[in-house]
Amino acid sequence: MEENKQESLEELKKKGFAYYNEGNHEKAKEILVRALEIQTKESIEDDLSVAGALNVIGSVLLKEGKLNEALEKFERVLAIQLKKLGRHVDTAETYEIIGQIYHEQKNDQNCGKMLRKALDIKLEVLPRENISDLTDLYQRLSISLQLQGKFSEATNTNKRALATLLEVHGEEHPAVIESYNGIAILLANQMRFDDAIQILDKSIEICSRLQEAGDFDKDLLARSLFNKGRCLKIQGRLDGATQMFTKALAIRKEALGAMHPSTGEFYESLGETYVRQDMLEEGIHAFTKTLEIRQSVFSDDHPGLEELKRTIAPLKRRKKAKTLHEQGLAMKTQGDWEKARQFFQEALNIYEDLSATVFDASMAAIYANISTLYMELAIVCENISSMKVDNGLLEDGIAASAEALKIRRRIYGDDHRDTKRRMKAHRSLLKRLLQNRGTK
1 MEENKQESLE
11 ELKKKGFAYY
21 NEGNHEKAKE
31 ILVRALEIQT
41 KESIEDDLSV
51 AGALNVIGSV
61 LLKEGKLNEA
71 LEKFERVLAI
81 QLKKLGRHVD
91 TAETYEIIGQ
101 IYHEQKNDQN
111 CGKMLRKALD
121 IKLEVLPREN
131 ISDLTDLYQR
141 LSISLQLQGK
151 FSEATNTNKR
161 ALATLLEVHG
171 EEHPAVIESY
181 NGIAILLANQ
191 MRFDDAIQIL
201 DKSIEICSRL
211 QEAGDFDKDL
221 LARSLFNKGR
231 CLKIQGRLDG
241 ATQMFTKALA
251 IRKEALGAMH
261 PSTGEFYESL
271 GETYVRQDML
281 EEGIHAFTKT
291 LEIRQSVFSD
301 DHPGLEELKR
311 TIAPLKRRKK
321 AKTLHEQGLA
331 MKTQGDWEKA
341 RQFFQEALNI
351 YEDLSATVFD
361 ASMAAIYANI
371 STLYMELAIV
381 CENISSMKVD
391 NGLLEDGIAA
401 SAEALKIRRR
411 IYGDDHRDTK
421 RRMKAHRSLL
431 KRLLQNRGTK
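Mapped onto the UniProt record's numbering, the consecutive letters of the sequence shown carry residue numbers 1 to 440.
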């Protein structure tokens with residue numbers, strides 16, 4: 001009788017595992033739960049076959065999004081494995097799964113603990129030739145530490161991964177280049193941009209050597225150049241950033257294609273760098289290319305498309321204002337003060353409208369242009385005033401002088417020397433007007 005019961009238990013397990021392998025996870029869970037109930041009655045809860053059944057049930061619960069229930073099952077699996085297997089690869093795998101559950105629960109501290117235990121076991125028991133397979137585990141542990149704000153520990157974790165990769169593969173290997181980039185990104189997140197650039201230069205140098213050898217993933221070089229460009233951009237070294245982004249973009253287009261989604265990311269960063277240099281035409285072109293790529297990937301109602309359109313529209317208006325400003329400067333050089341004032345005022349109207357509707361990094365440039373245009377308008381109005389007075393049109397000259405004084409007050413306030421100079425000149429004109437009227 002006891003033998004039949006045991007056979008029935010084994011049959012249930014086989015059926016459960018079979019259903020799981022066929023993809024019928026719900027049925028597998030149902031049968032294995034029944035099997036576990038039998039084993040519990042038989043007092044063989046710490047058998048490795050129980051761990052196997054719990055593993056399957058936990059995996060099904062994970063797929064169903066039932067994280068707490070899945071965690072309970074995998075903790076039971078871990079307890080059995082620690083008792084029966086000790087520091088074994090299977091035990092490490094369970095630590096990883098539990099770590100992933102904690103990650104999904106936003107419990108980064110426990111996630112880090114589990115992943116560290118998994119890593120320590122695998123470093124101990126895996127053959128040296130398999131150590132390079134731990135790159136993903138190192139990366140996940142690093143991310144967990146970053147989420148806890150432990151950037152220094154995360155950097156050291158990535159450096160341990162790099163040392164392992166260098167030992168197994170030597171320097172000229174794609175995984176080593178990936179590792180260099182990961183460390184550089186971490187350093188950049190800690191505002192250590194010079195250190196990050198130094199490492200990225202090493203990565204770029206290795207890429208160049210591999211490229212000369214022939215068999216090489218060009219996009220690795222593109223990513224290294226792109227990451228260096230990002231560091232230079234944040235440092236305000238915009239010329240260097242533009243060079244890096246331009247080179248990275250050319251390589252990525254060759255490696256992945258001109259319309260690949262990640263090519264759009266490179267165009268976008270290049271566009272941002274152009275705009276910060278007030279190279280609006282080039283910036284608009286880069287953002288437009290980003291939009292074209294994303295339109296080929298996303299549906300029309302995707303929020304990312306609308307966001308890009310909102311970026312491009314004010315840039316086009318800024319470009320128009322910049323052109324009007326340049327035309328005003330040309331008229332000013334030619335002494336055509338009235339036309340200069342017209343162009344400057346139109347440009348100013350656009351910038352002031354943008355200042356009320358645009359709230360992003362371009363605000364500083366917009367306000368700088370507004371300030372410059374007010375200065376230009378003040379100078380132009382002062383020259384118009386002088387021209388009108390010289391031609392005997394004193395009242396028109398006073399009107400232009402009043403406009404210039406208003407602008408000076410707005411820019412500098414009443415106590416600034418330029419405002420006082422303008423006020424003195426304006427009062428002199430008013431005095432002349434009164435004298436002329438008295439004479440008459």
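Virtual Cβ for every residue (Gly too), placed ideally from N, Cα, C. All figures in this text were calculated on a predicted structure; none of them were measured in a lab.
Give the single residue among the options whose Cα lies nearest to the Cα of residue i.
{"i": "Gly149", "options": "Leu186, Lys63, Leu119 and Ala255", "result": "Leu186"}
{"i": "Glu93", "options": "Glu178, Asp108 and Val77", "result": "Val77"}
{"i": "Tyr274", "options": "Leu315, Leu291, Glu124 and Ile293", "result": "Leu315"}
{"i": "Asn158", "options": "Leu147, Glu171, Thr135 and Glu172", "result": "Thr135"}
{"i": "Glu104", "options": "Glu403, Ala250 and Arg140", "result": "Arg140"}
{"i": "Glu382", "options": "Thr372, Ala365 and Ile407", "result": "Ile407"}
{"i": "Leu147", "options": "Tyr102, Pro174 and Arg128", "result": "Tyr102"}
{"i": "Gln327", "options": "Thr263, Arg310, Leu67 and Gln345", "result": "Gln345"}
{"i": "Thr372", "options": "Lys388, Asp396, Ala347 and Glu395", "result": "Ala347"}
{"i": "Ile398", "options": "Arg427, Glu72 and Arg230", "result": "Arg427"}
{"i": "Gly229", "options": "Asp217, Leu433 and Lys247", "result": "Lys247"}
{"i": "Gln81", "options": "Asp195, Asp108, Ser49 and Val380", "result": "Ser49"}
{"i": "Val56", "options": "Phe74, Lys66, Asp47 and Gly65", "result": "Phe74"}
{"i": "Phe287", "options": "Leu305, Phe298 and Asp418", "result": "Leu305"}
{"i": "Glu403", "options": "Thr419, Leu394 and Ala378", "result": "Ala378"}
{"i": "Ile370", "options": "Leu291, Asn181, Leu115 and Ile350", "result": "Ile350"}
{"i": "Ala330", "options": "Arg252, Ser59, Val380 and Gly182", "result": "Val380"}
Report, in whole angstroms, the separation of the C-beta atoms of residue i and residue j, which I expect to be a contact under 8 angstroms.
{"i": "Leu119", "j": "Leu137", "result": "5 angstroms"}
{"i": "Ile199", "j": "Ala222", "result": "Their Cβ separation, rounded to whole angstroms, is 17 angstroms, which puts Ile199 and Ala222 out of contact at 8 angstroms."}
{"i": "Tyr374", "j": "Arg410", "result": "7 angstroms"}
{"i": "Ala53", "j": "Leu32", "result": "4 angstroms"}
{"i": "Tyr367", "j": "Ser355", "result": "6 angstroms"}
{"i": "Lys264", "j": "Ile293", "result": "Reading the sequence as shown, one finds Gly at residue 264 and not Lys. Their Cβ separation, rounded to whole angstroms, is 4 angstroms, which keeps Gly264 and Ile293 in contact under 8 angstroms."}
{"i": "Arg231", "j": "Ile206", "result": "Going by the sequence as given, residue 231 is Cys instead of Arg. Not really, about 18 angstroms apart at Cβ, beyond 8 angstroms."}
{"i": "Leu256", "j": "Met244", "result": "Contact flag wrong, Cβ pair sits at about 18 angstroms."}
{"i": "Ser208", "j": "Ile177", "result": "About 11 angstroms; that fails the 8 angstroms criterion."}
Using three-state DSSP, classify residue i as helix, strand or coil.
{"i": "Pro261", "result": "helix"}
{"i": "Glu7", "result": "Any reading at Glu7 must be qualified, since the residue scores a pLDDT of 44, below 50, and its modelled position is unreliable; no value is offered."}
{"i": "Leu429", "result": "helix"}
{"i": "Met423", "result": "helix"}
{"i": "Gly328", "result": "helix"}
{"i": "Arg140", "result": "helix"}
{"i": "Glu96", "result": "helix"}
{"i": "Ser208", "result": "helix"}
{"i": "Glu42", "result": "Confidence at Glu42 is low in this model, with a pLDDT of 49, below 50, so its placement is unreliable and no value can be given for it."}
{"i": "Ala393", "result": "With the sequence shown as reference, residue 393 is identified as Leu, and Ala is not the correct amino acid for it. Leu393 falls in the coil class under three-state DSSP."}
{"i": "His88", "result": "coil"}
{"i": "Leu434", "result": "helix"}
{"i": "Asp414", "result": "coil"}
{"i": "Lys150", "result": "coil"}
{"i": "His169", "result": "helix"}
{"i": "Glu22", "result": "coil"}
{"i": "Gly214", "result": "coil"}
{"i": "Gln198", "result": "helix"}
{"i": "Asp278", "result": "coil"}
{"i": "Gln334", "result": "coil"}
{"i": "Gln295", "result": "helix"}
So the alpha helix (DSSP H) residue i belongs to, where does it begin and stop?
{"i": "Gln190", "result": "Unbroken run through Gln190: none, as it is neither H nor E."}
{"i": "Met114", "result": "Asp108 to Val125"}
{"i": "Phe226", "result": "Lys218 to Ile234"}
{"i": "Gln345", "result": "Trp337 to Thr357"}
{"i": "Glu69", "result": "Leu67 to Lys84"}
{"i": "Ser299", "result": "No alpha helix (DSSP H) holds Ser299; DSSP gives it neither H nor E."}
{"i": "Gln243", "result": "Leu238 to Leu256"}
{"i": "Lys63", "result": "Leu48 to Lys63"}
Could you tell me if residue i is buried or exposed, where buried requires 16 or more neighbouring beta carbons within 10 angstroms of its beta carbon?
{"i": "Ser269", "result": "buried"}
{"i": "Ser296", "result": "exposed"}
{"i": "Arg341", "result": "buried"}
{"i": "Arg191", "result": "Here the sequence assigns Met to residue 191, which means Arg is not the residue at that position. When all chains shown are included, Met191 counts as exposed."}
{"i": "Gln435", "result": "exposed"}
{"i": "Ser43", "result": "Caution applies to Ser43, whose pLDDT of 47 falls short of 50 and renders its modelled position unreliable; the model cannot decide the point."}
{"i": "His416", "result": "exposed"}
{"i": "Asp390", "result": "exposed"}
{"i": "Asp219", "result": "buried"}
{"i": "Arg437", "result": "exposed"}
{"i": "Gly86", "result": "exposed"}
{"i": "Asn68", "result": "exposed"}
{"i": "Gly335", "result": "exposed"}
{"i": "Thr357", "result": "exposed"}
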